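Okay, so the first sequence: first residue is 29 according to the numbering used here, each after it adds one. Just so it is clear, CB atoms sit at the ideal spot from N, CA and C, and this is done for glycine as well. What you are looking at is a predicted structure, and each value in this text was computed from that prediction instead of being measured. Some notes on the structure that comes next.
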Amino acid sequence: MIPAVRGTRDVVPGEVERWQHLEQVAHDVCRRYGYREVRTPVIEREELFAKGTGESTDIVQKEMYAFTDKGGERVTLRPEATPSVVRAFVQHALEQALTEAKLYAIGPMFRYERPQKGRYRQFHQLDVEAFGVEAPALDAEVIEMAAHLVAELGIADAELVINTVGCPECRPAFSRALLDALGDRVAELCGDCRRRARTNPLRIFDCKQPADQPVIDGLPHTVDYLCPPCSEHFAAVREALEAFGVEYRVSHRLVRGLDYYRRTTFEILGRALGAQDALLGGGRYDGLVRQLGGPDRAGIGFAAGLERLVLAMPPDAAVAAPPDAYVVAIGEEARQPAQVLARDLRHAGLCTLVDYDARSPRSQMKRAGKAQAGQVLILGADELAGGRVSLKDMNTGEQEAVPRGDVVDRLRRMQKDCVAS
RNA sequence: GUGAGUGUAGCUCAGCGGUAGAGCGCCGGACUGUGGCUCCGGAUGUCGGGGGUUCGAAUCCCCUCACUCACCCCA
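If you want it as structure tokens, here you go:
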């Protein structure tokens, strides 16, 4: 047996229904909020992520499936969707074509990491991006939409956390304040934190080492170092969220790892997930479109991890629908007519199973019962002689002979009643 | 890249030096044209892989691979 590649997985019947439900809800929520779908390639030029995601991020430094193709081009499997969506937005001048530049994408992403609960090398994201609006009203709408998506999926144990990371105007001052406050105590922190202090001081807030917490708790907060525009923006976002009645917690420790974030950042955490508990995360990235060669447009969005959402969805969120009908053929002369009957039912829209192997009637009934078929249609010598089909309701056990010509309509009506009720 | 744990039937697991097992599931029969309950029967394993110790290894030792969880980082 040749197993699936490490960190990749099959979604098999039984679980795939949950994915189908999730995708249907995702498409529907996006549509209602005015987003249009865009499908971008899973393979891109490596430089797109070097410039977009950021050279300093772990994603770019060590997690990309990058290689040189046969034409000598440096390409990579996409590790995230935002730069791709921005590229498509710029490349096709979509702001000209759309009244609102709101785009979403669903698909696989690839990062070379050690797999663990809620994290895979091939994973899937719903990526939602809106361009060209600087107003805090959009920040709040995007966050509210994310919360609504989670709620719509029936995920109750979720917590919305928001923060602001300032902008290129005010962030350097905050980083300095952070390092000043830390002073010599940097040496007391764990190795990761000492490294962060040099590369990206804000990320010290991500530390999970219990021993480091007392020091980190004493550090200054971004909100106290924002420039006036950033400060006003954050206040307006919070005000709008409150008007929506969205519950949230402000955490000055929510920093997020991607280089392009400005101002608003947010995450929704799932409580039943394990260590990788972010169901979705995002924020504002006002400089990114321009940095990738487009016009100077603001941007904001989020990425939701589909594996994590599936994990967090209630156990009974979606199950496969049982077949409408099972056609039982008794005797050799009934086999072909049974296939034709099954064909007719299928053409009429009914999910129909039929036996191929001349099993005993008992065996066929057992299979119909196991498949939870609603109706069993029995075709044997008696029925063929009378031009009828025996129709057995598997829930009540009642059985009656129905003229062959009426069977399809009869079942179709029963199915409609079933859907209606 | 680092650390810990686990690999035995399709699934959940027992067996821990002496002939590979149970429950569930699957297939068939009792009921030769009628499911669910019951009973009876059946199939299925390179005991993750390789090497070593031993008269003898699923069991002990070494290596390796995979999975799981956690770190890093992130969805």
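Whole-angstrom distance between residue j and residue i, CA atom to CA atom
i: Val16; j: Leu122; result: Lying before the first or after the last residue shown, residue 16 is absent from the chain, which here runs from 29 to 449.
i: Asn191; j: Val274; result: 15 Å
i: Val214; j: Val347; result: 52 Å
i: Val430; j: Ser388; result: 22 Å
i: Glu43; j: His49; result: 10 Å
i: Pro111; j: Val118; result: 10 Å
i: Val170; j: Gly329; result: 7 Å
i: Asp437; j: Gly415; result: 16 Å
i: Val368; j: Val382; result: 10 Å
i: Ser449; j: Arg371; result: In this predicted model, Ser449 has a pLDDT of only 47, less than 50, meaning its place in the structure is not dependable; the value taken from the coordinates is given anyway. Straight-line Cα distance between these residues: approximately 26 Å.
i: Arg199; j: Glu45; result: 45 Å
i: Asp240; j: Arg67; result: 43 Å
i: Gly160; j: Phe272; result: 22 Å
i: Glu75; j: Gln124; result: 26 Å
Span of the beta strand (DSSP E), counted from its first residue to its last, around residue i
i: Gly321; result: That residue, Gly321, is in no beta strand (DSSP E); it is neither H nor E in DSSP.
i: Val156; result: Gln150 to Phe159
Residue i, enclosing alpha helix (DSSP H) - first and last residue
i: Phe202; result: Arg199 to Leu210
i: Met393; result: Pro389 to Lys398
i: Phe262; result: Pro256 to Phe272
i: Met173; result: Pro164 to Glu180
i: Pro242; result: Gln241 to Asp245
i: His49; result: Val44 to Arg60
i: Leu412; result: Ala409 to Gly414
i: Val338; result: Leu334 to Ala340
i: Gly80; result: Glu74 to Gly80
i: Thr227; result: Gly219 to Thr227
Closest Cα partner of residue i within the set the options
i: Ala32; options: Leu378, Tyr148, Glu197 and Gly310; result: Tyr148
i: Gly377; options: His152, Leu334, Glu360 and Met442; result: Met442
i: Arg277; options: Pro365, Ala175, Tyr93 and Pro107; result: Ala175
i: Leu334; options: Met29, His55 and Tyr63; result: His55
i: Leu217; options: Pro200, Leu230 and Ile244; result: Ile244
i: Phe151; options: Leu337, Ala357 and Val435; result: Leu337
i: Gly7; options: Val40, Gly309, Val161 and Met92; result: The displayed coordinates of the chain run from 29 to 449. Any statement about residue 7 would go beyond what the structure contains.
i: Thr424; options: Gly219, Gly402, Asp234 and Ala396; result: Gly402
i: Asp155; options: Met173, Val161 and Ala163; result: Met173
i: Ala331; options: Arg64, Glu108, Lys79 and Lys130; result: Glu108
i: Glu157; options: Thr227, Tyr61 and Asp252; result: Tyr61
Beta-carbon separation (whole angstroms), residue i vs residue j, contact threshold 8 Å
i: Leu439; j: Ala353; result: 6 Å
i: Phe77; j: Val88; result: 6 Å
i: Ala303; j: Ala340; result: With 8 Å as the limit, Ala303 and Ala340 do not qualify as a contact, their Cβ atoms being about 14 Å apart.
(message) Three Cβ pairs or more, each shorter than 8 Å: is that satisfied between the region 131-141 and the region 289-297?
(response) no
(message) Closer than 8 Å is the cut-off here; do at least three beta carbon pairs connect the region 351-365 with the region 390-404?
(response) yes
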